[in-house]
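Residues are numbered in the working numbering as their position in the first sequence, beginning at 1, plus a constant of 149.
Think of the CB as a built atom: it goes at the ideal place given N, C-alpha and C, for glycine as much as any other residue.
Treat the numbers as computed from the prediction; the structure is a model and nothing was measured.
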Amino acid sequence: MSKLQPVRGTHDLLPADQAIFAHVVETARAVAHTYGYREVATPIFEFTELFARGIGETTDVVSKEMYSFEDRGGESLTLRPELTAGICRAFVSNGLTNELPLKLFTAGAAFRYERPQKGRQRQFHQIDVEVLGAPEPECDVEVISVAADVLERLEILARCELRVNSLGDPESRAAYRKVLVDYYTAHRGRLSEDSIRRLDRNPMRILDSKDEGDRAVNAGAPSLADHLNAASTEFFDAVRRGLDASGIAYKVDRSLVRGLDYYTHTAFEFVTEHLGAQGTVIGGGRYDGLIEQIGGPPTAGIGWAGGIERLMMLANAPPPDDRPIAIVPLGEAAERQALKLAREMRAGGLAIELAYKGNMKRRLQRANKLQASHAVIMGDAELAKGVVALKNLDSGEQREVALDELVDELEVEAMASLSDLLGDVRD
RNA sequence: GCGGCCGUAGCUCAGUUGGUUAGAGCGCCAGAUUGUGAUUCUGGAUGCCGCCGGUUCAAGUCCGGUCGGCCGCCCCA
Numbered sequence: 150m151s152k153l154q155p156v157r158g159t160h161d162l163l164p165a166d167q168a169i170f171a172h173v174v175e176t177a178r179a180v181a182h183t184y185g186y187r188e189v190a191t192p193i194f195e196f197t198e199l200f201a202r203g204i205g206e207t208t209d210v211v212s213k214e215m216y217s218f219e220d221r222g223g224e225s226l227t228l229r230p231e232l233t234a235g236i237c238r239a240f241v242s243n244g245l246t247n248e249l250p251l252k253l254f255t256a257g258a259a260f261r262y263e264r265p266q267k268g269r270q271r272q273f274h275q276i277d278v279e280v281l282g283a284p285e286p287e288c289d290v291e292v293i294s295v296a297a298d299v300l301e302r303l304e305i306l307a308r309c310e311l312r313v314n315s316l317g318d319p320e321s322r323a324a325y326r327k328v329l330v331d332y333y334t335a336h337r338g339r340l341s342e343d344s345i346r347r348l349d350r351n352p353m354r355i356l357d358s359k360d361e362g363d364r365a366v367n368a369g370a371p372s373l374a375d376h377l378n379a380a381s382t383e384f385f386d387a388v389r390r391g392l393d394a395s396g397i398a399y400k401v402d403r404s405l406v407r408g409l410d411y412y413t414h415t416a417f418e419f420v421t422e423h424l425g426a427q428g429t430v431i432g433g434g435r436y437d438g439l440i441e442q443i444g445g446p447p448t449a450g451i452g453w454a455g456g457i458e459r460l461m462m463l464a465n466a467p468p469p470d471d472r473p474i475a476i477v478p479l480g481e482a483a484e485r486q487a488l489k490l491a492r493e494m495r496a497g498g499l500a501i502e503l504a505y506k507g508n509m510k511r512r513l514q515r516a517n518k519l520q521a522s523h524a525v526i527m528g529d530a531e532l533a534k535g536v537v538a539l540k541n542l543d544s545g546e547q548r549e550v551a552l553d554e555l556v557d558e559l560e561v562e563a564m565a566s567l568s569d570l571l572g573d574v575r576d
């Protein structure tokens, strides 16, 4: 084993993995497109300040997980730990205020300095959907619907469960927080160490603690639902009605609290039991205060991010690539002719492997290893007649085909094998 | 950041109570008519036994550290 190692928590995507990765991204992109979302890309690093102000100084993501560094000009920069902040910044930077609502899709790498585990890496990748400037609950429904469709198209929705909650508007949230802190402070002695720390930083997190002692305390804790004001309750009800009408199954989870400070109203997660401790496959929510928080005009926002690596672990293998056709020339004249033929066929969109090394046996072995569907054998005998030998590598059948009819003949063969496949490849 | 398990060919693994040149399967390479593959047969190469240090006459086997992986906590996608 070589001592040349990748950085901890990073991974190479070799062709087989990359095919699944691309399948996930392409599926999400296609679904987002059907909802009218347009793709954007923002830089992979930003001023540290952006994340500190946007995500919240006291969150774990900002306080202990950021890859921050000083550039040569002395600016503090940070590799993005998530994609939302950068999109909001781009919205403000480019003055897109009169293009609202903006429905955006993006995908790319994010970085967090964490201990790697299954479904958790230091460089990971997300697909991401954001809608800016749409404060209506119908938009929450649409955004969740996009996520459900992506999972459906990847054939993993059945193994996931959608959980939704309302964190309320800022007024409700502040009122609840106060009641909650009072309650937990009164029972401080019974809380776990982790939860005592959470008490000043993010008291709502105590609600979904896994500690048994905490759970006992939680049983008597005031409920967020009781502290939502009328507007917040109505908003959440509207979202639920919309999900019902869309036929999207969900479960209200009153303990669902997300770790980033910017969430208001709707918070949701698609979770699965198939990925160990990292069960969240897609997570998101509404963040109406975020853009103002980072210095832009007050603008509503809602979105979600999905972990591509986590989705890859659940998703089925993508449809196979088109199998190549191997051209097997023998002799110098044939090799010259083959170069030209290969270029012409590729220009027509066919995948061509030119087998130019070794004797015929080697060349066919190579064609076979590359899973070529056919070999086009051309030697002196064929050249003289203006034909090639077309060999079907699955059936072993071989026949002579005129050079100028080769492409048509390959099409005929492709149709034939397609109808065979339809017969027996159904899962 | 905290706790547990693990680290032997490209891959999956075996290596007896520490004892000579470290093994298997798969894969890879070559050959069995120098114009016919995927099946078969024969042969071959492959390893700083993760790394550093310690104990010992002797370490892949024991001890410590370190790097990496896996699992859980924290947190999140």
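Beta-carbon contacts of residue i that lie in its chain and below 8 Å, excluding the five residues immediately before and after
{"i": "L577", "result": "For residue 577 there is no data in the structure shown, the boundaries of the chain being 150 and 576."}
{"i": "V330", "result": "L348 and P352"}
{"i": "L519", "result": "P473, A475 and E502"}
{"i": "M150", "result": "Only weak support is given to the placement of M150: the predicted model assigns it a pLDDT of 42, under 50, and the value that follows is read from those uncertain coordinates. Cβ within range, chain order: n/a, list empty."}
{"i": "L116", "result": "This structure cannot settle anything about residue 116, because the visible part of the chain is limited to 150 through 576."}
Residue i to residue j span [Cα, whole Å]
{"i": "A454", "j": "P469", "result": "27 Å"}
{"i": "V290", "j": "G428", "result": "22 Å"}
{"i": "R370", "j": "T413", "result": "Checking the sequence shown, residue 370 turns out to be Ala, not Arg. Rounded to the nearest angstrom, the two C-alpha atoms are 21 Å apart."}
{"i": "A577", "j": "D402", "result": "In the structure as shown, the chain begins at 150 and stops at 576. Residue 577 is therefore absent and cannot be evaluated."}
{"i": "P265", "j": "H274", "result": "14 Å"}
{"i": "E195", "j": "A504", "result": "48 Å"}
{"i": "E198", "j": "R350", "result": "19 Å"}
{"i": "S294", "j": "L392", "result": "8 Å"}
{"i": "A177", "j": "V299", "result": "5 Å"}
{"i": "G444", "j": "T233", "result": "15 Å"}
{"i": "R512", "j": "I526", "result": "10 Å"}
{"i": "T421", "j": "R308", "result": "6 Å"}
{"i": "E214", "j": "R515", "result": "47 Å"}
Cβ shell of residue i (< 6 Å), same chain only, five flanking positions each side left out
{"i": "P284", "result": "A449"}
{"i": "R575", "result": "Its pLDDT being 43, under 50, R575 is placed unreliably by the model, and nothing is read from it."}
{"i": "Y325", "result": "L373 and H376"}
{"i": "E441", "result": "P447"}
Residue of the options minimising C-alpha distance to residue i
{"i": "T255", "options": "I276, Q266 and V241", "result": "I276"}
{"i": "V477", "options": "I305, H172 and H523", "result": "H523"}
{"i": "G268", "options": "K534, I457, E231 and F385", "result": "I457"}
Residues near residue i by beta carbon distance below 7 Å, same chain, minus five either side
{"i": "D220", "result": "L226"}
{"i": "L499", "result": "I474"}
{"i": "G528", "result": "L479, G480 and A483"}
{"i": "T246", "result": "P446"}
{"i": "Y216", "result": "T227, L228, F260 and Y262"}
{"i": "D363", "result": "L340, S341, S344 and I355"}
Residue i - DSSP class collapsed to helix/strand/coil
{"i": "R187", "result": "strand"}
{"i": "A454", "result": "strand"}
{"i": "A171", "result": "helix"}
{"i": "G123", "result": "What is shown of the chain runs 150 to 576, which leaves residue 123 out entirely."}
{"i": "L153", "result": "coil"}
{"i": "Y256", "result": "Looking at the sequence provided, one finds Ala at residue 256 rather than Tyr. The answer is strand: DSSP assigns A256 an E or B state."}
{"i": "P579", "result": "It is not possible to answer for residue 579, since the shown part of the chain is limited to 150 through 576."}
{"i": "L251", "result": "strand"}
{"i": "P478", "result": "strand"}
beta-carbon residue i near the ligand ZN non-hydrogen atom, thresh 7 Å
{"i": "T159", "result": "Of the ligands one can find in the structure shown there are none, so the ligand ZN has no counterpart to examine."}
Runs of 4 residues minimum, wholly inside the segment 502-560: which ones carry the alpha helix (DSSP H) assignment?
Whole alpha helix (DSSP H) segments, 4+ residues: 509-518 and 529-534.
Go through the segment 264-316 residue by residue and report every complete run of the alpha helix (DSSP H) that reaches 4 residues or more, in order.
Counting only unbroken stretches of 4 or more residues, the alpha helix (DSSP H) elements lying wholly within the segment 264-316 are 286-302, in sequence order.
At which residue ranges does the segment 370-444 contain complete alpha helix (DSSP H) runs of 4 or more residues, listed in the order of the chain?
Taken in chain order, the complete alpha helix (DSSP H) segments of 4 or more residues contained in the segment 370-444 are 379-395 and 439-442.
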